[in-house]
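A.B. asks: Below is a structure I'd like to ask you about.
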Amino acid sequence: LSTTVTRPPLAGAHIGSSVLIKGELSGREDLYLDGEVEGTIEFRECSLTVGTNGRVRGNVHGKTVIVQGKVQGDISASQRVELRNSAVVTGDIVTERILIEDGAVFKGKLDTAEKSKDQAGAAQAAIKSQPQTSTHPAGATVTGQTSFLDKA
Amino acid sequence: MTSVTDSLFRLFRGGNTSPAESKSKTQAAALTRRSSGLAEFIRGLQQREGLAILDLGPTSPTNIAYFTNLGHRVYNEDVLLASMSPTYKQKNDQGIEVLDPKLFLDDNLVYGGVKFDAVLCWDISDHLHETLVKPVIERIHSVLNPGGILLAFFHTRDAGPDAPYYRYSISTPESLKLHQGPQFRLQRVFNNRHIENLFHDYGSLKFFLSRDNLREVLVVR
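Residue numbers (the numbering used here), protein chains in the order written: chain H, 124 to 275; chain Z, 3 to 223.
Structural data, given as structure tokens:
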């Protein structure tokens, strides 16, 4: 498994691994955070990268949020969230698009809220079009409460 | 050079393969498996959009993408990994550290009033610490909507105590990809009666037999 590490940007702000910030952090330029933040991070119009040493305890808002370190809090991104294979996220994620690498640990709710119904329908159609195979013999069935499965 | 252990293994099993060889064979053979339980689970999910799905296995990008593409909300929580944390251990009267279910459930499987329509339990019941199995299943019952479904896998006795731990990711609506590791030891083997007792509070159970060492159970709340 290859490790994908986003390098600190040449342009934009950079917070080093020895920095600890307590309180709200906001800005209007891209940020690479390799230090520790205890508080809300607001970079709604920009990209935020939490580096491999980065630790955030608080909610994060950005246009694009890339996580390689640890985030304990909710993440919302108007464009995209990326959880790299070293990411550990405990909190809910709301975004239009998400990329999760194998190895990332995520505990929480994922809501791709802005996804249009057309997109969801197309995805559903794509899944349905996959080849169907026969099933194994099933064992005894105990009927009970009505499930939404019964509507199938 | 063949070790004494390997020779003994061959003698007792009557086979010609060492544990290492048989392990690699199992690994190669078990990369993909058909899953009738998954097929029925997914059939139910395709009828509606916007369902809340709880995946209790390790974070799987494939599974998350699969369900979000169907228009559902996904909650992910690796219960088995969380149960390994030393923070949930307390010393008992004899000074021995034991896992405290209350401490564990204060921190895990907490969703602030959110109810789910479907839960993927995979084979966590086979690997969880004894003291957590019943409390976890009871907690899931409390967060599952009436009529909601749960998919669980249980090893059969043939699997043996050294059965490898697999992470499951959806390959097609009727098959799973199995990724080996990290290594969690199989703690117990449930028979059908044990499984029925475990899900005593639920509405119904449907067993799916398979050719390998797993039974699949679709449970309806």
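For glycine and all other residues, C-beta sits at the position ideal for the given N, C-alpha and C.
#1: Locate the beta strand (DSSP E) running through residue 137 of chain H, then write down its first and last residues.
#2: In this structure, what does DSSP give as the bridge partners for residue 218 of chain H?
#3: Have a look at Z/88, Z/91, Z/62, Z/86 and flag the residue whose alpha-carbon is nearest the alpha-carbon of residue 77 of chain Z.
#4: Would you kindly work out how many angstroms separate the C-alpha atoms of residue 225 of chain H and residue 152 of chain Z, rounded to a whole number?
#5: Using a Cβ cut-off of 8 Å, which residues of the stretch 77-110 of chain Z contact any Cβ in chain H, in chain order?
#6: Helix, strand or coil, according to DSSP, for residue 213 of chain H in the structure here?
#7: DSSP state of residue 175 of chain H, grouped into three classes?
#8: First and last residue of the beta strand (DSSP E) that includes residue 136 of chain Z?
#9: Could you tell me the alpha carbon to alpha carbon distance between residue 183 of chain H and residue 108 of chain Z, rounded to whole angstroms?
#10: Assign residue 171 of chain Z to buried or exposed, taking buried as 16 or more other Cβ atoms, counted over all protein chains shown, within 10 Å of its Cβ.
#11: So, helix, strand or coil for residue 224 of chain H, using DSSP?
#12: Apart from the five residues on each side of it in sequence, which residues of its chain come closer than 6 Å, Cβ to Cβ, to residue 177 of chain H?
#13: Name, going along the chain, the residues of the stretch 217-235 of chain H whose beta-carbon falls closer than 9 Å to a beta-carbon of chain Z.
#14: Among residues of its own chain, excluding the 5 on either side of residue 111 of chain Z, which ones have a beta-carbon nearer than 6 Å to its beta-carbon?
#15: According to DSSP, is residue 148 of chain Z helix, strand or coil?
#16: With residue 98 of chain Z as the anchor, note down where its beta strand (DSSP E) starts and where it stops.
#17: Who pairs with residue 78 of chain Z in a beta bridge, going by DSSP?
#18: Look up residue 39 of chain Z in the DSSP assignment and say whether it is helix, strand or coil.
#19: Looking only at its own chain, which residues have a Cβ that is under 6 Å from the Cβ of residue 197 of chain H, when we skip the five neighbours before and after it?
#20: Does DSSP classify residue 69 of chain Z as helix, strand or coil?
#21: Hey, how far is the Cα of residue 131 of chain Z from the Cα of residue 149 of chain H?
#22: List the residues of chain H whose Cβ lies closer than 7 Å to the Cβ of residue 70 of chain Z, in chain order.
#23: Determine, using beta carbons only, whether residue 141 of chain Z comes closer than 8 Å to chain H.
#24: Would you kindly work out how many angstroms separate the C-alpha atoms of residue 135 of chain H and residue 175 of chain H, rounded to a whole number?
C.D. replies: In terms of the structure at hand:
#1: From DSSP, the beta strand (DSSP E) with residue 137 of chain H extends over 136-138.
#2: Under DSSP, residue 218 of chain H forms a beta bridge with H/200.
#3: The candidate whose alpha carbon is nearest that of residue 77 of chain Z is Z/62.
#4: If you take the alpha carbons of residue 225 of chain H and residue 152 of chain Z, they lie about 24 Å apart.
#5: Answer in chain order: 77, 78, 79, 80, 83, 84.
#6: Three-state DSSP puts residue 213 of chain H in a strand.
#7: Three-state result, residue 175 of chain H: coil.
#8: Boundaries for residue 136 of chain Z: no beta strand (DSSP E) harbours it, while the alpha helix (DSSP H) harbouring it runs 132-145, taken from the DSSP string.
#9: Approximately 25 Å between the Cα atoms of the pair.
#10: Residue 171 of chain Z is buried by the Cβ-count criterion.
#11: Residue 224 of chain H falls in the coil class under three-state DSSP.
#12: Only 156, 157, 192 meet the Cβ criterion.
#13: For chain Z, the residues of the stretch 217-235 of chain H that bring a beta carbon within less than 9 Å of one of its beta carbons are 221, 222, 223, 224, 225, 226, 227, 228, 229, 230, 231, 232, 233, 234, 235, in chain order.
#14: Taken in chain order, the residues that qualify are 141.
#15: In the displayed model, residue 148 of chain Z falls within a strand according to three-state DSSP.
#16: Where residue 98 of chain Z is concerned, there is no enclosing beta strand (DSSP E), because DSSP gives it neither an H nor an E.
#17: DSSP lists H/231, Z/57 as the bridge partner or partners of residue 78 of chain Z.
#18: Helix at residue 39 of chain Z.
#19: So the qualifying residues of the chain are 182, 214, 215.
#20: Residue state, collapsed to three classes: helix.
#21: Just so you know, the alpha carbons of residue 131 of chain Z and residue 149 of chain H end up roughly 44 Å apart.
#22: Chain H residues near residue 70 of chain Z: 233, 235.
#23: So, not an interface residue.
#24: Annotation: residue 135 of chain H to residue 175 of chain H spans about 18 Å, alpha carbon to alpha carbon.
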